[in-house]
Structures are given as C-alpha cells and as structure tokens.
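*Asks:* From first to last, the protein sequence lines stand for chains X and W.
For the first sequence, my numbering begins at -14 and goes up steadily by one.
For the second sequence, my numbering begins at -14 and goes up steadily by one.
We treat Cβ as the ideally placed atom computed from N, Cα and C, and that holds for glycine.
There are 2 protein chains.
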Amino acid sequence: MANAPRSTAPAPGAAPSVALVGAGPGDPGLLTLKAHALLATADVVIHDRLVGAGVLALARTGAVRIEVGKLPGGPSWRQADINALIVAHALSGARVVRLKSGDPGVFGRLDEEMDALDAAAIAFEIVPGVTAAAAAAASIKVSLTRRGRNKALRILTGQDVDGFAEHDWRGLAAPDAVAALYMGLKAARFVQGRLMLHGADPATPVTAVENASRADEKVVGARLDRLPEALAVAGVRGPAILFIGLRPRGALAALDDAAPSTLSLALASGSWA
Amino acid sequence: MANAPRSTAPAPGAAPSVALVGAGPGDPGLLTLKAHALLATADVVIHDRLVGAGVLALARTGAVRIEVGKLPGGPSWRQADINALIVAHALSGARVVRLKSGDPGVFGRLDEEMDALDAAAIAFEIVPGVTAAAAAAASIKVSLTRRGRNKALRILTGQDVDGFAEHDWRGLAAPDAVAALYMGLKAARFVQGRLMLHGADPATPVTAVENASRADEKVVGARLDRLPEALAVAGVRGPAILFIGLRPRGALAALDDAAPSTLSLALASGSWA
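Take a look at the structure:
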C-alpha cells in the first residue's frame, strides 16, 4: 500500500478514531466550523481529488495530506486501498480526517469506509457538509423546491456501477419534476434520450453548474433537446451539477454575467424565453 | 409593521444588500465559515424560529435580532411582512442577514424573499447551508445514497399549501426507494396510508430524526405499518426528518444509545431485524 503511516505523533493511550468529513462544494467559506476545527488539529488528511487547495490550506501546517482521488486516465485508488489507508493511520494513533467533497452521505462511497472502520473496531463520526446541488442552486439563485412549482426534489447520479444509471424516467419527464443530477456530464445524451422517450417537453430547461462555488464556476443553460450540444460548445468538463427543470433566476439577465461563450450559446440556442 | 428599523448605523453611501443565509440544522458547528463571518458583522439578523440560540450567539454583539418564525398556536409572521421587514432594514443601510434553518433552497420560502428584494432593486447573495436531511443521516450513520441500494434520493415535504402534500406514491412505494420527508410528522399517518395503498412493504423501515444535530436529538425507528404509533409513543413533536427506506446503521445497536422509551418502543415493535 502506498503512503503508509508516517511519523505522525500518536496521542498516547487515546482510542483511535476517525472523522468522515464533508468538505463542501469547493469554496473554503462553505466548510463548516466543525470541519474547520477538525482540519486544524488533524494529523492526517485523506482527501478526494475534488477537494480544493483552498480547503486543504486550512489543515494543520504539519498535517500529512494524502490525495486518494481518481484521475481520469491516470492512476487511481481502489476503494479497498482507501479503506486500508484510513484504518492504518487511525491504528497508528493519528487524528485522521477523511475529507470528502460536498456532503459525505451523497454519492460519497461512505458505506464502504464505515464498514472497514467497524471491522477494525475504530470509532468514527460523520460531519455533514454542504452538497454541490445546494451550492449550485445558490449560485443561480433558485430554490431547489418552490411552492406551486415543485414540492419534491430528486437527487440522482448519472453514473452507476454498470455505466449510465437508469432512473424513473417517466416520473422525471413530468412537467413539474425537478432533479439535480450528479456526475451527469458523460450521461447527458443518455439522460436526454431517456427523458424525451418518456415524453418530456423538448423545451424543458436544463442548467449545468460546473465547479459550483469555485472561482472557475461556469453556468450553462439549454433546452433539453439541445443539451449535449450546449455542454460541448461551452466546454463543460465537470465536475458539474445538471439541474433538470430549473433555469437561473432572471434567465438571460443572469447569463449576462456568464462567460461570453456561455452567453452567446444561450442566445443562439434560444433557451431562455 | 412590528420591529421597524432601529438605529443601526448605516454604512454611508454603501448600496443596500442582503445575505440570505443557511443556518444549518442546529448545531452551531454546522454553520459555514461564510455564514459565521456574515453573522459576525451583521447589523440586523432576521431569523426563523428554528434557528437555535447557539447559532444566534455567533452574531455580532450589537446586532439586532428579530425572530420571524411561526409559533404553533401563537402569533406568526405573514411572509409579506417578513419580506417588507428585510427590505426596510436593507434600505436603511443596515447589513442584513436573513438566517434560515438548514439550506435556504430546501423548503425555505426563498423565492418570495428574492422577489421582494428584486422588486426593491436590492442586491442579494445566497449562502447555502447543511440541510437537515444531511445532518440526520450523519447522526444515524447512513448515507443518503448507496451503491447497490439506491442511486436516487427524494427530498419531499409533508405539508403543502393545501394541507398534506401529494407525491408520486407508486414510485415511493418501490422497494428500493429512499426519501427524506421534511415537515412530515403531522402527515405521518397520511403518508403511511398512501404508501401502503400503493403497495409498499409494511416492514419498510422508517426512521425519524427529531432535532437533528442538536443536544436534544432523538432517533425513532419503526416499521411503516406502525409508524404513527411509534412516533406518538416516543413523543416526537418535531422538527423532524422522516427517512423512508432507511434505518440507523447497526439498527438495534444504534438504538441502544437512544432514550429508553425509544429503545423499548423499537424493541416492542420488533422493527429491527
């Protein structure tokens, strides 16, 4: 196993414990006070690739930082190795913070790590975080639920163990359905096809928020029937949230502030009435 | 209008602006760094009833705190009056923080306030927060989504403008459906009836988390067919999240830590296999 425990000072006699912590969507200001305090006293921070430099800078100066992310096309960590790494550091007596992008309970592979900690009889706590959809909605100034519009929100993944994830497409194609699709960029054409096959209005608004809350955040709006093209022209590469059934507040006005390519695209596609 | 602007020192020449801020689920440690910073410099904090004393204590000492919550059976604020109050304070030059429980975009009546601010040409920003479902899931140590179990999560309200909210009951009754029901306590019997009418397994696990993340948090588990009785016996009065399709990690083990009434109830109802 790479990155075996280094000489972090074990707390003598302290029972090993681990904090599984949500890092929020990227903006360090969206870290919780509790996550901040844990980072500031951590010996070892084991973090996903998506956790940004601004958040990691808040960790204790002497803390060992280990990235266990999966680089597209590059080397990547197997979940079993991540589990073993967390356990090994905890057993060494280190104060371990396992830092996960967003909220650890939303598409965070949390269960595998909890199982490994239980198997090793290591106590752990979970610190929830701001999930990407909440930050993306705040950026485009819409609420995720709204009286008279939608009294339910679906949080979905575009990717499954077997590839593109299947969902309740009929329900999602309904006029009042609102969903936040995580890891949906590669699945955009698949999702578009499934929704339209099940009767979704081709003019259903879809809004992509790339790098929500970060300095390089980008917002792209499109009609459902032009979604893959809009994402391609705007150069959205992710990570991104795709909102099905939501458009930015003020629509065109909001897009005036966006990158020119995004704006011109939105105008060209005639998305925003 | 009650609580008209007091003598908060207006910033001379500064354009009025308002921050619509998520206060998180209750634990002050789950406030974001950004929310904390805004509270620490606020002139006026206009907050819901559910925002706890621990969070409010983080506001600037001299800040005016105004509660605009709705007390069951007591005096309550109309949304239009809340909107007018926010606008009036902002126009007076005060740094206004509108503090909403959880994430402002999830059942937060955010749109009405944004509309009022736009109508008054007052700039605003939205600061997302940790929503109650994320905190409740962290407390019972389950993830809201899980590979091989559920690749979608529904966030629903139990209450609608017209009373109990109708939802896609057939989809929610499916064996792998997972939902977080907000404001669902009064609707518990209604939800139970709708789900069972649509074929839900009577043994579907339902977990209520009352006052998630707070010192008085309570967890109650029940089978769907015994849900209203379990909530009544345990004395759950809310605010609570009802998880449909989720049980606490370790089930009985987790409930050993709960209040005796909760534990005995769970044992008596034979909820946890």
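Buried or exposed: which applies to PRO224 (chain W), given that a residue is buried once 16 or more other Cβ atoms fall within 10 Å of its Cβ?
*Replies:* It counts as buried.
*Asks:* Assuming contact is defined by CB atoms lying nearer than 8 Å, are THR327 (chain W) and GLY230 (chain W) in contact in what I supplied?
*Replies:* Any answer about residue 327 (chain W) is impossible in this case: the structure gives chain W only from -14 up to 258.
*Asks:* Is there a Cβ of chain X sitting closer than 8 Å to that of GLY175 (chain W), yes or no?
*Replies:* First, the residue type needs correcting, since residue 175 (chain W) is Phe and not Gly in the sequence shown. For PHE175 (chain W), the answer is no, since every Cβ of chain X falls outside 8 Å of its Cβ.
*Asks:* Check the DSSP bridge columns for PRO190 (chain X) and list the partner residues they point to.
*Replies:* According to DSSP, which records beta bridges pairwise, PRO190 (chain X) is partnered with X:ARG208.
*Asks:* At which residues does the beta strand (DSSP E) containing GLY7 (chain X) begin and terminate?
*Replies:* Taken as a continuous stretch (DSSP letters only), the beta strand (DSSP E) holding GLY7 (chain X) covers 2 to 7.
*Asks:* Within 8 Å, do at least three Cβ pairs link the segment 160 to 167 of chain W to the segment 103 to 114 of chain X?
*Replies:* Touching, no.
*Asks:* Leaving out five residues before and five after GLU259 (chain X) in sequence, what residues of the same chain have Cβ atoms less than 7 Å from its Cβ?
*Replies:* Since the first and last residues shown for chain X are -14 and 258, residue 259 (chain X) lies out of range.
*Asks:* Could you list which residues in chain W have their beta carbon closer than 7 Å to that of ASP88 (chain X), in chain order?
*Replies:* What ASP88 (chain X) touches in chain W: ALA119.
*Asks:* Between THR130 (chain X) and MET168 (chain X), is the Cβ-Cβ spacing less than 8 Å?
*Replies:* Contact flag unset, no.
*Asks:* Are the C-beta atoms of ASP153 (chain W) and some chain X residue less than 8 Å apart?
*Replies:* Chain X, which has a Cβ nearer than 8 Å to the Cβ of ASP153 (chain W), makes this yes.
*Asks:* CA-CA distance, ALA20 (chain X) and THR192 (chain X)?
*Replies:* When rounded, the distance between both Cα atoms is 30 Å.
*Asks:* Evaluate the contact criterion for the segment 8 to 22 of chain W versus the segment 79 to 90 of chain W: three or more CB pairs, one atom per stretch, below 8 Å.
*Replies:* Because the criterion of three Cβ pairs below 8 Å is met, the segment 8 to 22 of chain W and the segment 79 to 90 of chain W touch.
*Asks:* HIS32 (chain X) by DSSP, collapsed to three states: which one?
*Replies:* Three-state DSSP puts HIS32 (chain X) in a strand.
*Asks:* Closer than 8 Å between beta carbons: that is the criterion. Which residues of the segment 177 to 190 of chain X meet it against chain W?
*Replies:* If the cut-off is 8 Å between Cβ atoms, the segment 177 to 190 of chain X has nothing near chain W.
*Asks:* Which bits of chain X does ILE229 (chain W) rub up against, with CB to CB less than 9 Å?
*Replies:* Here the premise fails: no neighbours, minimum Cβ distance about 12 Å.
*Asks:* Can you tell me where the alpha helix (DSSP H) with ALA75 (chain X) in it begins and where it stops?
*Replies:* Note, ALA75 (chain X): alpha helix (DSSP H), 64 to 76.
*Asks:* Just tell me which of X:LEU18, X:ALA173, X:ALA137 has its CA closest to the CA of GLY156 (chain W).
*Replies:* For GLY156 (chain W), the nearest C-alpha among the options comes from X:ALA137.
*Asks:* Does GLU52 (chain W) come out as helix, strand or coil in the three-state DSSP assignment?
*Replies:* Of the three classes helix, strand and coil, the one that applies to GLU52 (chain W) here is strand, per DSSP.
*Asks:* According to DSSP, is LEU84 (chain X) helix, strand or coil?
*Replies:* If DSSP states are grouped into helix, strand and coil, LEU84 (chain X) belongs with the strands.
*Asks:* Run through DSSP, which three-state label would PHE92 (chain W) get?
*Replies:* Looking at PHE92 (chain W) - three-state DSSP - the assignment turns out to be coil, as it is neither helix nor strand.
*Asks:* ALA120 (chain W): which of W:GLU202, W:TRP62, W:ALA42, W:LEU70 sits nearest, CA to CA?
*Replies:* Comparing Cα-Cα distances from ALA120 (chain W) to each of W:GLU202, W:TRP62, W:ALA42, W:LEU70, the minimum goes to W:GLU202.
*Asks:* Are the C-beta atoms of ARG208 (chain W) and some chain X residue less than 8 Å apart?
*Replies:* For ARG208 (chain W), the answer is no, since every Cβ of chain X falls outside 8 Å of its Cβ.
*Asks:* In whole angstroms, what is the alpha-carbon distance linking ALA75 (chain X) and LEU41 (chain X)?
*Replies:* Cα to Cα, ALA75 (chain X) sits roughly 19 Å from LEU41 (chain X).
*Asks:* Leaving aside the five residues before and after ALA48 (chain X) along the sequence, list all residues of the same chain whose C-beta is less than 7 Å from its C-beta, in chain order.
*Replies:* Contacts found: ALA27, ASP28, VAL29, VAL30.
*Asks:* By the three-class DSSP mapping on this structure, what secondary structure does ALA227 (chain W) have?
*Replies:* It should be noted that the sequence gives Leu, not Ala, for residue 227 (chain W). Strand, per DSSP.
*Asks:* Reducing DSSP to helix, strand and coil, say where VAL112 (chain X) ends up.
*Replies:* VAL112 (chain X) falls in the strand class under three-state DSSP.
*Asks:* For LEU180 (chain W), I'd like the list of residues in its chain whose CB is within less than 8 Å of its CB, leaving aside the five on either flank, ordered along the chain.
*Replies:* Around LEU180 (chain W): TRP154, LEU157, ALA158, THR189, LEU209, ILE229.
*Asks:* Could you give the DSSP three-state label for GLU151 (chain W): helix, strand or coil?
*Replies:* DSSP places GLU151 (chain W) in coil when its eight states are reduced to three.
*Asks:* Under 6 Å Cβ to Cβ from ASP88 (chain W), same chain only, skipping five residues before and after it: list those, please.
*Replies:* The answer, listed in chain order, is GLY7, PRO113, GLY114, THR116.
*Asks:* DSSP three-state label for ALA104 (chain X), please.
*Replies:* Helix at ALA104 (chain X).
*Asks:* Which residues in the same chain as THR62 (chain W) place their Cβ atom closer than 6 Å to its Cβ, once the five residues preceding and following it in sequence are excluded?
*Replies:* The question names Thr, but residue 62 (chain W) in the sequence shown is Trp. Answer for TRP62 (chain W): VAL53, listed in chain order.
*Asks:* Can you grab the Cα-Cα spacing for the pair ILE140 (chain W) / SER128 (chain X), in whole Å?
*Replies:* The alpha-carbon atoms of ILE140 (chain W) and SER128 (chain X) are separated by roughly 13 Å.
*Asks:* For chain W, is any of its Cβ atoms less than 8 Å away from the one on ILE71 (chain X)?
*Replies:* So no, ILE71 (chain X) is outside the interface.
*Asks:* Which residues share a DSSP beta bridge with THR142 (chain X)?
*Replies:* Partner(s): X:TYR167.
*Asks:* Beta-carbon of PRO113 (chain W) versus every beta-carbon of chain X: anything under 8 Å?
*Replies:* For PRO113 (chain W), the answer is yes, since a Cβ of chain X falls inside 8 Å of its Cβ.
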